[in-house]
Amino acid sequence: MHYLIGFVIAMFIALTGVGAGTITTPLLILFLGVPTAVAVTTGLVFSAAVKLFLVPTQIIRKQVNWRVLGWMLLGGLPGVLLGSLFLAHLVSKGSQHIMNGLLGAVLVLTAIYQIIFSFRPISQREKPRDCRFCMPLLMFPVGAEVGFSSAGAGALGTAALLSLTNLAPAQVVGTDILFGFALSLVGSGAHMFSGAHDASLLKELVIGGIFGVIVGTWSAKFIPKRPLRFALWVWLLIIGAQFIYNNAIHPIR
188 MHYLIGFVIA MFIALTGVGA GTITTPLLIL FLGVPTAVAV TTGLVFSAAV KLFLVPTQII
248 RKQVNWRVLG WMLLGGLPGV LLGSLFLAHL VSKGSQHIMN GLLGAVLVLT AIYQIIFSFR
308 PISQREKPRD CRFCMPLLMF PVGAEVGFSS AGAGALGTAA LLSLTNLAPA QVVGTDILFG
368 FALSLVGSGA HMFSGAHDAS LLKELVIGGI FGVIVGTWSA KFIPKRPLRF ALWVWLLIIG
428 AQFIYNNAIH PIR
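According to this note's numbering, the stretch in the sequence shown is residues 188 to 440, in order.
Quick look at the structure:
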C-alpha cells in the first residue's frame, strides 16, 4: 500500500507541479493514521527525494534564477526552522488536535488562494511588477508553514514568482523547484533530528515515488495540467475542511 501511495503522489507531482508535502501529509494522517509530526517529516523527506530527480534537469537547462532563489531562501530558511521548532513544541505538549486543526487551516487557505488565483484573467499575470526584494519578507511565513505542515512551498512559491517577478515561465518552475527542495531538505533534517520519523514508511514511499515520477513525467505531455491542478486543489480543500471538522467534534487536549 505504501509503495502505491508513493507512486500515485509522485505521479501527481510530475503532472501538476503541486508539492509532495501538500499531498503526502494529509493522506498519511487521514488514511493511514500516521501521527501528525511523523507525517510532516515524511512529507518533507519525500518531497526532497522526489525533487532530487528534478533539480539536476532544471540546473542543466539553466531554468533557475539564482539571484531570485537567494532572496527567497533568505526568508524561507529561517522560516522553515521556526515552523519546525513550533511543531516540535506542540508535539512535546501532546497537542495532536491543535496540530491537526492548524494543518487543516493551512490546507484550506492554500487551496482557496490557488482556486481564486486560477480564475484570474491571464492579462493580469502578463506584466507583474518586479518586486523580488520583497521575497524574504513573503517567504518567511511560507517557510514557517512548510516547517509546520510540509505544505505550501510549491504552490505559494509559484504564485509569488508569477506575481512579483518578471521571470519567464520556465524559470518560475525551475526556481520554485529548487526553493521547495531546499526548504524540504532543511525542514526534514530539523524534524528527523527530533526523532519524528518512520524509516520503513519513508523507504517504501520513496521507492514507489521513483516510478511515479518516471510515469508522470512521461505522461505529462498527454494530460492537460490546469484542469488536473484545479481538481487537486478542490480535493485538498475538502481534505482540509475534513481536518477542521474532525478537530471541532473532538475536545482539544
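By construction, the Cβ of each residue, glycine as well, lies at the ideal position given by its N, Cα and C atoms.
Helix, strand or coil at residue i according to DSSP, with G and I counted as helix
i           : result
residue 248 : coil
residue 419 : helix
residue 220 : coil
residue 366 : helix
residue 321 : helix
residue 241 : coil
residue 210 : helix
residue 229 : helix
residue 337 : coil
residue 346 : helix
residue 433 : helix
residue 355 : coil
Extent of the continuous alpha helix (DSSP H) to which residue i belongs
i           : result
residue 291 : 283-305
residue 410 : Per DSSP, residue 410 belongs to no alpha helix (DSSP H) and is neither H nor E.
residue 188 : Taken as a continuous stretch (DSSP letters only), residue 188 belongs to no alpha helix (DSSP H), as it is neither H nor E.
residue 271 : 253-280
residue 386 : 386-406
Proximity of residue i and residue j at Cβ, strictly below 9 Å
i           : j           : result
residue 229 : residue 241 : no
residue 388 : residue 225 : yes
residue 371 : residue 212 : no
residue 129 : residue 291 : Past the edges of the chain, shown from 188 to 440, lies residue 129, and the structure says nothing about it.
residue 399 : residue 194 : yes
residue 199 : residue 393 : no
residue 251 : residue 365 : yes
residue 227 : residue 269 : no
residue 189 : residue 361 : no
residue 276 : residue 434 : no
residue 248 : residue 418 : no
residue 369 : residue 260 : yes
residue 231 : residue 374 : yes
residue 296 : residue 321 : no
With 16 other Cβ atoms within 10 Å as the buried cut-off, status of residue i
i           : result
residue 238 : buried
residue 347 : buried
residue 257 : exposed
residue 196 : buried
residue 287 : buried
residue 243 : exposed
residue 210 : buried
residue 254 : exposed
residue 305 : exposed
residue 430 : buried
residue 380 : exposed
residue 355 : exposed
Check: residue i C-beta below 8 Å from any heavy atom of the ligand HEM
i           : result
residue 197 : The ligand content of the structure shown is nil, which means the ligand HEM is not present either.
Rounded Cβ spacing between residue i and residue j (contact assumed at less than 8 Å)
i           : j           : result
residue 330 : residue 267 : 4 Å
residue 324 : residue 262 : 6 Å
residue 202 : residue 408 : Contact flag wrong, Cβ pair sits at about 10 Å.
residue 302 : residue 420 : 5 Å
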